[in-house]
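Q: Starting off with a structure, shown below.
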Amino acid sequence: MDENTIKIRPTLTAMEVGDKTTFPVRRLKSVRAQASELGVILDRTYRTATNRAERTVTVTRTA
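Take 32 as the starting number for the sequence shown in my numbering and just add one per residue.
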């Protein structure tokens, strides 16, 4: 994954239920904000998990 080219919003919008996507932890606030906003707009549910050891945040679409 090239951290500089993956766009958050289009990636989350394209996710199907059960899909997971990982971003660098430096984008944590943006990823969580976009997941929350898109969840409301598109009537979806996303879950985020932070891995401190790997310095990543993983988003899972749950509904």
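Yeah, the Cβ is synthetic: ideal placement off N, Cα and C, and Gly gets one too.
Could you give the residue range of the beta strand (DSSP E) that holds residue 63?
A: Not the beta strand (DSSP E): residue 63 falls in the alpha helix (DSSP H), residues 59-73.
Q: At what residues does the alpha helix (DSSP H) containing residue 42 begin and finish?
A: That run of the alpha helix (DSSP H) goes 39-45.
Q: What would DSSP say about residue 48, mapped onto helix, strand or coil?
A: In the structure shown, residue 48 sits in coil (DSSP, three-state: anything other than H, G, I, E or B).
Q: Assuming residue 39 contacts residue 65 (C-beta within less than 8 Å), just tell me the rounded distance between them.
A: That pair is a contact at about 5 Å.
Q: For my contact list, residue 92 and residue 47 are in at a C-beta cut-off of 8 Å; report their separation, rounded to the angstrom.
A: 7 Å between Cβ atoms; contact.
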